[in-house]
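Asker:
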Amino acid sequence: MSYAIATHEEIPFKRFLLYSALLHLSLTVLMLVGVWIQRSGNMWGGIGGEGNSNVRVSLVSSAGIPLP
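With my numbering, letter number 51 in the sequence shown gets 51, and the count goes up by one each step, no holes.
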């Protein structure tokens, strides 16, 4: 029975390892940016009201919305 031994010159994994590393790095950066944006965002009346962050809304008569 014959067999062959593969060497590292025959199997070019460097390119795929680079693609994988770049993909994982970009996904990690995107997740960290998403967490940072969510944490530093404007909290509109979060849990418990958080001080004076309430939003007041009133209906304007000129809006043209039929009321029941």
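Don't be surprised by glycine CBs; every beta carbon is placed ideally from N, CA and C. As the structure is a prediction and not an experimental result, all values here were calculated from the model.
Using DSSP with H/G/I as helix, E/B as strand and the rest coil, what is Tyr3?
Answerer: Here Tyr3 sits in coil by DSSP.
Asker: Could you spell out where the alpha helix (DSSP H) holding Ala21 opens and where it closes?
Answerer: From DSSP, the alpha helix (DSSP H) with Ala21 extends over Lys14 to Arg39.
Asker: Taking just the CA atoms, how far does Leu32 sit from Gln38?
Answerer: Cα to Cα, Gln38 sits roughly 10 Å from Leu32.
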